[in-house]
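Before any comments, here is the structure.
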Amino acid sequence: MMDVADNDVPRFLINESGGGFEEELAGLRERFQALPNAERVTYRDANAKAIALLVAVRVLIVAGPGSGKSHLFRARIKFWLNSSQDSQIYVCSFVRKLVRDLREEIARDQDLTDEDRTRLRISTIHTLARSLVERGGGTAAHPMQRHVQVIAGEWEGVVWDDVLLFRPELSREVFSRSQLVLQFHTEELDDSPDWISLREVYGTLSRFYNAIGFADMIVLAREAVDEQPDLSEHLLWIVDEYQDLNAAEDHLIRTLTARAEGLLIAGDDEQAIYQELKASLPEIIISYYEETEFANGMLPFCSRCSYYVCLAASAFIQNHRTPGAIDKVFLPLKIDTAATKVQIVATFQPTAAVDYIAKFIEDRRAELDEYAARMRSGDEVDPYLLVLTPEKRARFYRPNHADERLRELLSEFAVVPTAHSSDYTKVATYCAVARELNDNFAARKVLHYEGVPSIRVHELLRRALSVRVSLASLLDEGEIGDLVTIAGAVWDVVQDDDLEPTAKAAELSALVSVADQATLASELASDPIGAIDDPAEEEAAEAIETAGDVATVEMMTMFQSKGLSAQHVIIIGCDNLNLAQTAALTFFVGLTRARKSLHLITSMKAGGCTGAADYLLELPPEFCDYVEYKKTDQVSTTLRNQQAFIELLARWGRAGQNRPRRTRKRR
Numbered sequence: 008m009m010d011v012a013d014n015d016v017p018r019f020l021i022n023e024s025g026g027g028f029e030e031e032l033a034g035l036r037e038r039f040q041a042l043p044n045a046e047r048v049t050y051r052d053a054n055a056k057a058i059a060l061l062v063a064v065r066v067l068i069v070a071g072p073g074s075g076k077s078h079l080f081r082a083r084i085k086f087w088l089n090s091s092q093d094s095q096i097y098v099c100s101f102v103r104k105l106v107r108d109l110r111e112e113i114a115r116d117q118d119l120t121d122e123d124r125t126r127l128r129i130s131t132i133h134t135l136a137r138s139l140v141e142r143g144g145g146t147a148a149h150p151m152q153r154h155v156q157v158i159a160g161e162w163e164g165v166v167w168d169d170v171l172l173f174r175p176e177l178s179r180e181v182f183s184r185s186q187l188v189l190q191f192h193t194e195e196l197d198d199s200p201d202w203i204s205l206r207e208v209y210g211t212l213s214r215f216y217n218a219i220g221f222a223d224m225i226v227l228a229r230e231a232v233d234e235q236p237d238l239s240e241h242l243l244w245i246v247d248e249y250q251d252l253n254a255a256e257d258h259l260i261r262t263l264t265a266r267a268e269g270l271l272i273a274g275d276d277e278q279a280i281y282q283e284l285k286a287s288l289p290e291i292i293i294s295y296y297e298e299t300e301f302a303n304g305m306l307p308f309c310s311r312c313s314y315y316v317c318l319a320a321s322a323f324i325q326n327h328r329t330p331g332a333i334d335k336v337f338l339p340l341k342i343d344t345a346a347t348k349v350q351i352v353a354t355f356q357p358t359a360a361v362d363y364i365a366k367f368i369e370d371r372r373a374e375l376d377e378y379a380a381r382m383r384s385g386d387e388v389d390p391y392l393l394v395l396t397p398e399k400r401a402r403f404y405r406p407n408h409a410d411e412r413l414r415e416l417l418s419e420f421a422v423v424p425t426a427h428s429s430d431y432t433k434v435a436t437y438c439a440v441a442r443e444l445n446d447n448f449a450a451r452k453v454l455h456y457e458g459v460p461s462i463r464v465h466e467l468l469r470r471a472l473s474v475r476v477s478l479a480s481l482l483d484e485g486e487i488g489d490l491v492t493i494a495g496a497v498w499d500v501v502q503d504d505d506l507e508p509t510a511k512a513a514e515l516s517a518l519v520s521v522a523d524q525a526t527l528a529s530e531l532a533s534d535p536i537g538a539i540d541d542p543a544e545e546e547a548a549e550a551i552e553t554a555g556d557v558a559t560v561e562m563m564t565m566f567q568s569k570g571l572s573a574q575h576v577i578i579i580g581c582d583n584l585n586l587a588q589t590a591a592l593t594f595f596v597g598l599t600r601a602r603k604s605l606h607l608i609t610s611m612k613a614g615g616c617t618g619a620a621d622y623l624l625e626l627p628p629e630f631c632d633y634v635e636y637k638k639t640d641q642v643s644t645t646l647r648n649q650q651a652f653i654e655l656l657a658r659w660g661r662a663g664q665n666r667p668r669r670t671r672k673r674r
């Protein structure tokens, strides 16, 4: 370990008695900046090791993007395995991709034995919550059976419709599912009679379906642990991305770790991008940082982003740091003035931007193909190129069908999804009804698949609840037909060993609606439904845990890119219209996905924009190259400075305004 007595070497970023580093951070930042590359690496490793070996029971790590959390986690895990012979370790995060990557790293770590791995559990926080609900059988007020299912995707709306039909006089706009979810996230339950009634109906249907949503799952898990403290079997905990936890999730973690022998939480309040999606509260991690309950550590160096990308991102977030945010050091691990600067690209129209991306791919085709081979072998887990956008469908690229051209360009790199197709899940649901008539949630799904009107479903639900029978027992009544018989026929086809998968898919399509027989046949061949003990159990696990494989080239929103990184990142829509609705923290996340190069493209004519986004102009010019790209000759021309970039866009904007409109000649 380095000699901390050396006056030229900054002290380790550890405050064992809690509290921040604000009073000395400016001086420390200057000393970090003065360190040469070799000493930066030495300090990075020694600082992380010192935090990992800290004896403190509760530790908080402030860690920016790419600062080496996973290495520290593995070091902390080994420290606990060596110092505690029996205690179990649980690692959880909200981000699925981070969970999957850490699992793979642990599996490859040769320092760990198989016995070590049996003491270690890694999952999402929702997998943890569902496990607690199942093992506890719910709570006294909300009992649940084995194989608790998850209300996710389209079923969230279906179940909420079922709830509202019990109170048809209430407006769907006022009493929305999103408001119910927000109450669970914040633990602030609306005490009006109508909301009390709706929550009671939701709870009744949840128990009847033996299914829970993501938000109420967290609350129910915490209540189960309150009633049965022994459900919390693990005494050593690591919780990542703590800035993404909301009040209910924080309450669950605090309840689970009340008797913990060790707790390490990590996060970065300036990557808290889920505040609208799930009411996450970065104030929670900030409050822990300011108190003495936790020893504080900080990881100051980014080993992911190249030199200029890191400097630009660091300057950007420093400019957007809000009052009360945690002041931190975020510096590149390697000084490399020869690195590619951030490319600020101007194109006259979206088709030119798509051509820029196409040329970027073709110029690196050999390197990309080699990278793809390493991804297939498991040596690489992140994309080679990420194309990020402010909105999911990139509708601002519609002029001259640039959006269609972009999707066509990237379709070459699509991967087969790891989750089962909707056809496979549908067939498995019919099979579940045939195998277990008490599976009310599967029966409800079959009613939906068969297009039974919601009012008729409501009548069946009322009767099933009043006479305490299963929903499946009523599926052969009246005009809805004998759906149990259909489910049985589906199960017979699935079980028929004399049928090839292609023939099975064909016969199944005659019984139920199937969108893609070929894909269904392939899935039946590789993962026979009859071999699955409980299809509903697998579907619930997929709803929570499936992260999906990424392709060598991926397109997604900046918001979706959390947890990913790529060798190269291209962000489109960087103009004063389409990027205007993007939060600064989300843009920061987008910037810091890039390892080697970062390209920010402004396209005139993209949805009516008139210039570059303010965010682009805030990036320090000394870290950027300003480029004009012309589709006609596929040439990138470096502009002299930022002002030339601004003037070019303004000139294009005036040209577009002055161009006469085309009018159709009258016959």
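One rule links them: number in our numbering = place in the sequence shown (from 1) + 7.
All C-beta atoms, glycine included, are put in the ideal place defined by N, C-alpha and C.
For H408, no beta strand (DSSP E) encloses it, and the DSSP letter there is neither H nor E.
By the Cβ neighbour-count rule, L196 is exposed, with fewer than 16 other Cβ atoms within 10 Å of its own. Closest option to A45, judged by alpha-carbon separation, among L227, R153, P339: P339.
In the same chain as A222, and ignoring 5 residues on each side of it, the C-beta atoms closer than 6 Å to its own belong to V188, F191, H192, in chain order. Contact between the region 593-605 and the region 314-323 is present: 3 or more CB-CB pairs across the two stretches fall below 8 Å. Around the beta carbon of N217, 16 or more other beta carbons sit within 10 angstroms, so the residue counts as buried.
Taking a cut-off of 8 Å for Cβ pairs, the region 330-337 and the region 17-37 touch, as three or more such pairs fall below it.
A check of alpha carbon separations from A471 across V69, N447, L490 identifies N447 as the nearest. In the three-state reduction of the DSSP assignment, M562 falls in the strand class.
Bounds of the beta strand (DSSP E) holding T131 are 127-131.
Counting only unbroken stretches of 3 or more residues, the beta strand (DSSP E) elements lying wholly within the region 166-231 are 218-220, in sequence order.
The C-alpha of C309 lies about 16 Å from the C-alpha of R38.
By the neighbour-count criterion, in which a residue is buried when 16 or more other Cβ atoms sit within 10 angstroms of its Cβ, L284 is exposed. In this chain, the beta strand (DSSP E) harbouring C99 covers 96-100. Beta-carbon to beta-carbon, G269 and E248 are separated by about 19 Å, too far to satisfy the 8 Å threshold. Within the same chain, and ignoring the five residues on either side of L598 in sequence, the residues whose Cβ sits closer than 6 Å to its Cβ are A320.
Listed in chain order, the non-local C-beta contacts of A286 below 8 Å within the same chain comprise L189, H192, T193, N253, A254, local neighbours out to five positions each way being set aside. In the DSSP secondary-structure assignment, I272 is bridged to L67, V246. For A528 and R463, the gap between their C-alpha atoms comes out near 33 Å. The beta carbon of R36 sits closer than 6 Å to those of V336, all from its chain and outside the five residues before and after it, given in chain order. P175 counts as exposed, since fewer than 16 other C-beta atoms from the protein chains shown sit within 10 angstroms of its C-beta. Restricting attention to alpha helix (DSSP H) runs no shorter than 4 residues, the region 293-380 encloses them at 314-326, 357-370, ordered along the chain.
For F101, the closest C-alpha among the options S90, Q278, V140 is that of Q278.
Across the set G73, S610, L61, the C-alpha of L61 shows the shortest separation from the C-alpha of I84. The three-state reading of DSSP puts S461 in helix, counting H, G and I together.
Counting C-beta pairs with one atom in each stretch, the region 89-101 and the region 65-74 have fewer than three that are closer than 8 Å, which means they do not touch.
For T609, the three-state secondary structure derived from DSSP is strand. Put simply, of P289, D362, Q356, P357 the residue whose alpha carbon is nearest the alpha carbon of R328 is P289. Each of S178, Y622, R126 was checked against the Cα of C581, and the nearest Cα belongs to Y622.
Its chain contains E546 as the residues whose beta carbon lies nearer than 7 Å to that of T432, once the 5 sequence neighbours on both sides are disregarded; these appear in chain order. By the CB criterion at 7 Å, T593 and P390 fall outside the cutoff. Boundaries of the alpha helix (DSSP H) harbouring S533: 524-533, taken from the DSSP string. In the structure shown, S287 falls within a coil segment according to DSSP collapsed to helix, strand and coil. Comparing alpha carbon positions, the residue from L444, R371, I493, F215 closest to V155 is F215.
Taken through DSSP and simplified to helix, strand or coil, E635 comes out as strand.
Here E300 has G25, R65 as same chain residues with Cβ atoms under 8 Å from its own Cβ, once five neighbours each way along the sequence are excluded.
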